[in-house]
Amino acid sequence: MVKLLEKGLVMEEAQIRRYINDSFHVLTLILLIMIILGIMTWAGVTKCSAIPGWCSVYYLFAGEPNILIVYGETGLGDPFLLEKAIENPEYLGKRAEMVQLKNISPGLLKNYKLVIVDRAKKMSTEEISLFIDYVSEGGKLVWIGDSGTEPYDTDLMLLESDRSPGMADTEIGPWARKQIKDDANYSVDLDKLLSVSFIGNYCDIKTCGDEFPFIGYFRKAPGPTHDLVKGLDPRFEMRADFSVVKKRLDKYNNEVLTVDAFSAIIDEKGLVKPKGTNYGDVFSIIMVSSASGLGETIVYFAVPPETFSMEGQPNKTFLFVENMYYALLE
């Protein structure tokens, strides 16, 4: 009887050990899955909203997504209207902090999950480098309109011959800069990061008679609808000044929205290129890219998204601001 009791105790103890080991393995597997999901969410490979309940778990450990709007003195966009749109309780109801371009630093930027650069036309090469470094370290960036297209007199511009020896010594554009460190040239390739090259603003090419000039109709990219343009009416009229840019083909990018003007835009002013220059009739409006090739972490808006939330806008909507938040942060 004693031996049977002892045998039973041994078997029960073995079962308990097995249960503990199995539980440990299950918990380890769950923890491993959470770590992998966390890394994939942080890198932008997957969105936290793709898995029910995951956003709450992810932000419990990673912290709630915070937004920084960096703005300058001139350029397309209205950063204060953008802040108001983001914080509007009827739509997003999220908090956004503001800082002037001259006050940014690497330590400041890294504290935010999303940095938006708006109305910051004049920008030094050193300031552009801070944003490039921010993205390379895992940050998410929204770049708006003509931000960074006006260099300082002391800034050095990258030449065609710097990228491709044998090419002409002509400047590539305002988003292609260079720095000299230790007697060596280093390129600052914002155009490659954004996947577009800046040409000029529409109202510097054409005469804009009113505050909301009619450009044409938005066109979504073929295939599945991107989160940035979900809910957009296919006959939505674009009435706003915007930056005319050229899509780059030298890295991963996704052109999710264009505007179709239906007829060629011809230069009337000669401020950007000679009068009579034909710029075509279809223009990039939203371009998505990635610094690492994993996930979509950079969004370029040729037209400020807050423009469509302005009073007096014929097609007033907060859709672009809402989609920007959810596409990048949830």
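At position 98 of the sequence shown (counting the first as 1) the number is 315 in the working numbering, and the numbers step up by one without a gap. Virtual Cβ for every residue (Gly too), placed ideally from N, Cα, C.
Problem set entry | Rounded C-alpha distance that separates Thr387 from Glu377 | Between Thr387 and Glu377, the C-alpha separation is close to 6 Å.
Exercise. What residues match up with Glu388 in a beta bridge as DSSP calls it?
Worked result: Leu376
Exercise. What distance in whole Å lies between the Cβ atoms of Leu449 and Leu536, which are believed to be in contact at a cut-off of 8 Å?
Worked result: Correct: roughly 6 Å between the Cβ atoms.
Exercise. Do the region 527-544 and the region 486-498 touch if we need at least three Cβ pairs shorter than 8 Å?
Worked result: no
For this session: Would you kindly report the start and end of the unbroken beta strand (DSSP E) that includes Leu299?
Result: It is not in any beta strand (DSSP E) - Leu299 instead sits in the alpha helix (DSSP H) that spans Pro296 to Glu304.
Exercise. Nearest-angstrom Cα distance between Ile432 and Gly487?
Worked result: 19 Å
Exercise. Roughly how many angstroms separate the alpha carbons of Asp477 and Ile247, rounded to a whole number?
Worked result: 49 Å
Problem set entry | Ordered list of alpha helix (DSSP H) runs contained in the region 320-359, each at least 4 residues | 323-326 and 342-353
Problem set entry | C-beta contact flag for Val508 and Leu445 at 8 Å | Reading off the sequence, residue 508 comes out as Ala, not Val. At least 8 Å separates the beta-carbon of Ala508 from that of Leu445.
For this session: Compare the Cα-Cα distances from Ser404 to each of Tyr434, Ala393, Ser414 and Ser412 and report the closest residue.
Result: Ala393
Exercise. Would you say the region 424-440 touches the region 395-402, given that touching needs at least three Cβ pairs under 8 Å?
Worked result: no
For this session: Confirm, please, whether the CB-CB distance from Val516 to Leu309 is below 8 Å.
Result: no
Exercise. Arg312: buried (16+ other C-beta within 10 angstroms of its C-beta) or exposed?
Worked result: exposed
For this session: Could you tell me the distance, in whole angstroms, from the CA atom of Ile416 to the CA atom of Leu546?
Result: 30 Å
Exercise. Going straight from the alpha carbon of Leu293 to that of Val461, what length do you get?
Worked result: 12 Å
Problem set entry | Sequence-distant residues of its chain with Cβ nearer than 6 Å to Ala385 (five each side left out) | So the qualifying residues of the chain are Glu377.
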